[in-house]
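Below is one structure, written out as structure tokens; the observations come after it.
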Amino acid sequence: MRILAEEIKQTFLKTEAANGADMVENVSWNWTREQKENLGCQAKALLEIGRAEYLHSLGYTVNVYRYVDFSLSPENLLIVGTKN
1 MRILAEEIKQ TFLKTEAANG ADMVENVSWN WTREQKENLG CQAKALLEIG
51 RAEYLHSLGY TVNVYRYVDF SLSPENLLIV GTKN
């Protein structure tokens, strides 16, 4: 995984050099673990909201529940859809 992250960073730097843009200053490659976890949780929550909205658009009644404490698992959302 670390190798992949480094490859992405190098590709980004090459793109920045080719474009002459100053994109790298706006990206932090040195985020803390807490910042990365927070961003990951926000991204996962956004995906769950999208899934719930999609089910709702298909006519389902949708409820989203947290089924375990975050300290046990950060992936703790359950989507329950009931067809109307």
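Counting in UniProt numbering, the sequence shown tops out at residue 84, every number present.
Beta carbons: idealized from backbone N, C-alpha and C, even for Gly.
How many Å lie between residue i and residue j at the Cα?
i, j, result
"Trp-29", "Lys-44", "21 Å"
"Leu-39", "Gly-59", "31 Å"
"Glu-34", "Cys-41", "10 Å"
"Asp-69", "Gly-50", "22 Å"
"Ser-73", "Ala-52", "20 Å"
"Glu-48", "Ser-57", "14 Å"
"Leu-46", "Asn-84", "24 Å"
Check this for me: beta carbons of residue i and residue j, under 8 Å apart or not?
i, j, result
"Thr-61", "Thr-82", "yes"
"Leu-55", "Arg-66", "no"
Spatial neighbours of residue i within its chain, please: CB distance less than 6 Å, with the 5 preceding and 5 following residues excluded, ordered by chain position.
i, result
"Val-80", "Asn-63"
Looking only at DSSP bridge pairs, what is residue i linked to?
i, result
"Leu-77", "Arg-66"
"Lys-83", "Tyr-60"
Output needed for residue i: all residues of its chain with C-beta closer than 8 Å, excluding positions within five of it in sequence on either side, in chain order.
i, result
"Glu-75", "Lys-44"
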